[in-house]
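Engineer: Here's a structure for you.
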Amino acid sequence: MENKLFLAWAAGFFDGEGCVLIELSKEKRCRHGHRTSLHATVTQTSLPCLEKYLAAFGGGIATSRSKTPSGRRWAVQYRWSVRNEKAVAFLEAILPYVVVKKEQIETALKYPMISPDGRKYGNATNPIPDAVMEARLALRKMLQDIRASMKTEAADHA
7 MENKLFLAWA
17 AGFFDGEGCV
27 LIELSKEKRC
37 RHGHRTSLHA
47 TVTQTSLPCL
57 EKYLAAFGGG
67 IATSRSKTPS
77 GRRWAVQYRW
87 SVRNEKAVAF
97 LEAILPYVVV
107 KKEQIETALK
117 YPMISPDGRK
127 YGNATNPIPD
137 AVMEARLALR
147 KMLQDIRASM
157 KTEAADHA
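Numbering (our numbering), first residue to last: 7 to 164.
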């Protein structure tokens, strides 16, 4: 029961403070000129909350000490993140409990990482086929569209 309770907490917290995205970055060494990776992140000013994610799902925590345009310091923010296989494991674990980001997670879990013969895409012996890269980019666009539609809905109800 404790594990289910923790997963429900993690999902609820992720619903409010989390983000699932497919990052696109330039990479000259890749045959497509760029690479993609699946990320799940939670940003928060409370480090102990994020340490619970770190202990349960791995990944890492980064610190941001951003300032306002006028130079005033905002509160220190921490960002926990996992990517690729760890992101999939995390998203699969919380999927039964999420509400707000359910569609985003279901979309992200379609991200192709493994070839039909069971090998991970993206290394010298298993390059990413064009069709797989196109699928990844299409999923990236779908996630962006889902997030944009949620912002529009929120603005419409204000």
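C-beta: ideal position from N, C-alpha, C; glycine also.
It should be emphasised that the depicted structure is a prediction, and the values quoted were computed from it without experimental measurement.
Using a 10 Å radius around the Cβ and a threshold of 16 neighbouring Cβ atoms, would you call Ile120 buried or exposed?
Structural biologist: Locating residue 120 in the sequence shown gives position 114, where the first residue counts as 1. Ile120 comes out exposed.
Engineer: Which whole-angstrom value describes the C-beta separation of Gly24 and Lys92, a residue pair presumed to lie in contact below a C-beta threshold of 8 angstroms?
Structural biologist: As a position in the sequence shown, residue 24 is number 18, starting the count at 1. As a position in the sequence shown, residue 92 is number 86, starting the count at 1. About 14 angstroms separates the two Cβ atoms, so there is no contact after all.
Engineer: Which residues bound the beta strand (DSSP E) around Thr113?
Structural biologist: Stepping through the sequence shown from its first residue, residue 113 is reached at position 107. Not the beta strand (DSSP E): Thr113 falls in the alpha helix (DSSP H), residues Lys108 to Ala114.
Engineer: Do the CB positions of Arg125 and Thr42 come within less than 8 angstroms of each other?
Structural biologist: Locating residue 125 in the sequence shown gives position 119, counting from the first residue. Locating residue 42 in the sequence shown gives position 36, counting from the first residue. Not closer than 8 angstroms, so no.
Engineer: Assuming Pro118 contacts Ala141 under a Cβ cut-off of 8 angstroms, what Cβ separation, rounded to an integer in Å, is found between them?
Structural biologist: In the sequence shown, counting from the first residue as 1, residue 118 sits at position 112. In the sequence shown, counting from the first residue as 1, residue 141 sits at position 135. Correct: roughly 6 angstroms between the Cβ atoms.
Engineer: Would you mind stating whether Val26 and Trp86 have Cβ atoms separated by less than 8 angstroms?
Structural biologist: For the purposes of this step, residue 26 is taken as residue 20 along the sequence shown, with counting starting at 1. For the purposes of this step, residue 86 is taken as residue 80 along the sequence shown, with counting starting at 1. Going by C-beta atoms, Val26 is not nearer than 8 angstroms to Trp86.
Engineer: Give the DSSP-derived three-state secondary structure of Ala93 in the structure shown.
Structural biologist: If you number the sequence shown from 1, residue 93 lands on position 87. Of the three classes helix, strand and coil, the one that applies to Ala93 here is helix, per DSSP.
Engineer: Taking the alpha-carbon of Ala46 as reference, which of Gly66, His40, Ala81 and Glu8 has the nearest alpha-carbon?
Structural biologist: Reading the sequence shown from its first residue, position 40 is the one you call residue 46. Of Gly66, His40, Ala81 and Glu8, the residue nearest in Cα terms is Gly66.
Engineer: State yes or no: is the C-beta of Ala114 within less than 8 angstroms of the C-beta of Leu149?
Structural biologist: For the purposes of this step, residue 114 is taken as residue 108 along the sequence shown, with counting starting at 1. For the purposes of this step, residue 149 is taken as residue 143 along the sequence shown, with counting starting at 1. Cβ distance < 8 angstroms, so Ala114 and Leu149 count as in contact.
Engineer: For Val104, is the classification buried or exposed, using 16 other Cβ atoms within 10 angstroms of its Cβ as the cut-off for buried?
Structural biologist: For the purposes of this step, residue 104 is taken as the residue at position 98 of the sequence shown. By the neighbour-count rule (16 or more Cβ atoms within 10 Å), Val104 is buried.
Engineer: With distance defined between alpha-carbon atoms, name the residue in Gly39, Phe20 and Ala14 nearest to Asp136.
Structural biologist: On the sequence shown, residue 136 is found 130 positions in, with the first residue counted as 1. Of the candidates Gly39, Phe20 and Ala14, the one whose C-alpha sits nearest the C-alpha of Asp136 is Gly39.
Engineer: Run through the DSSP bridge pairs and tell me what Ser43 is partnered with.
Structural biologist: Taking the first residue of the sequence shown as 1, we reach residue 43 at position 37. Ser43 is bridged to Glu29.
Engineer: Following the continuous alpha helix (DSSP H) through Gly22, name the residue where it begins and the one where it ends.
Structural biologist: Taking the first residue of the sequence shown as 1, we reach residue 22 at position 16. That run of the alpha helix (DSSP H) goes Glu8 to Glu23.
Engineer: Please list the terminal residues of the continuous alpha helix (DSSP H) segment that includes Ala62.
Structural biologist: The residue you call residue 62 lines up with position 56 of the sequence shown. That run of the alpha helix (DSSP H) goes Leu53 to Phe63.
Engineer: Taking the C-alpha atoms as reference points, what is the distance between Gly18 and Arg78?
Structural biologist: One-based indexing of the sequence shown puts residue 18 at position 12. One-based indexing of the sequence shown puts residue 78 at position 72. Computed Cα separation, rounded: 31 angstroms.
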